[in-house]
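Residue numbers for the sequence shown follow the working numbering, so the first one is 1495 and each next one is one higher. Using N, Cα and C, we set each Cβ at its ideal position, and we do this for glycine too.
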Amino acid sequence: MAYVVDYKTITVPDTTTSVTPQLPKHEADDYIILWAAADMTAGDLALTTLGNWVKIDDNTDSSNSIIAYYLKCSSSSETVSAITGTSGNCYGAVAVTVRDVDPNTPINDYEIGSATDVSGRWQLPRTTTT
């Protein structure tokens, strides 16, 4: 069964156009799930360099933007680029390491539950726990 190994959070409270997430400890074959959000007036969030990161989903409205990515780790020294947007204040990011994920269905990106952003339109993806 999949389980959380570690996590890291970062918040940038000043007006900025990017945040560089910190990654939690991880090993080869772990999955890192990364969520980022910004209080923005317009525009989309995106990793500046995607590399092997896979976009799960995103949502943007007139005042908020949120995005989720995942990565299957090939080593214990994975990296992530900055997440950028067009404007904003109070950027934040959370990265979670999950171990023993079913490799056949590592990420289910369907909508679940009631975990939504401020606009109430975007629901968080979940990882398989088998």
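Could you give the C-beta distance for residue i and residue j, rounded to a whole number, given that I count them as a contact under 8 angstroms?
i	j	result
Asn1558	Asp1533	6 angstroms
Tyr1539	Gly1579	Here residue 1539 is Leu; the residue named in the question, Tyr, does not match the sequence. Going by Cβ atoms, the distance from Leu1539 to Gly1579 rounds to 5 angstroms, so yes, they are a contact pair.
Ile1550	Ile1504	Their Cβ separation, rounded to whole angstroms, is 19 angstroms, which puts Ile1550 and Ile1504 out of contact at 8 angstroms.
Val1574	Pro1507	Going by Cβ atoms, the distance from Val1574 to Pro1507 rounds to 20 angstroms, so no, they are not a contact pair.
Leu1565	Asn1553	With 8 angstroms as the limit, Leu1565 and Asn1553 do not qualify as a contact, their Cβ atoms being about 20 angstroms apart.
Determine the closest residue to residue i out of the options, with distance taken between C-alpha atoms.
i	options	result
Trp1589	Val1506, Leu1528 and Gly1579	Residue identity check: residue 1589 is Ala in the sequence provided, not Trp. The shortest C-alpha separation from Ala1589 is found at Leu1528.
Ala1531	Leu1517, Trp1547, Thr1511 and Leu1544	Thr1511
Pro1518	Ile1561, Tyr1501, Tyr1525 and Ile1560	Tyr1501
Val1499	Thr1591, Pro1597, Asn1598 and Pro1515	Thr1591
Glu1572	Thr1514, His1520 and Thr1543	His1520
Ala1576	Tyr1563, Asn1598, Cys1567 and Pro1597	Tyr1563
Ser1568	Arg1593, Asp1555 and Gly1586	Arg1593
Ile1526	Asn1598, Gly1586, Cys1584 and Ser1570	Ser1570
Gly1586	Val1548, Ile1560, Asp1555 and Ala1496	Ile1560
Cys1584	Val1513, Met1495 and Ala1496	Val1513
Residue range of the beta strand (DSSP E) that residue i falls in?
i	result
Ser1558	A quick correction: the sequence has Asn, not Ser, at residue 1558. First-last for Asn1558: undefined, no H or E at that position.
Ala1532	Tyr1525 to Asp1533
Asp1551	Val1548 to Thr1554
DSSP beta-bridge partners for residue i?
i	result
Val1590	Tyr1501 and Ile1527
Leu1544	According to DSSP, Leu1544 bridges with nothing at all.
Leu1565	Ile1526
Thr1599	Thr1599 is not bridged to any residue.
Please confirm whether residue i has its beta-carbon closer than 7 angstroms to some beta-carbon of chain C.
i	result
Arg1593	Judged by its chain identifiers, the structure shown contains no chain C, having just a single protein chain.
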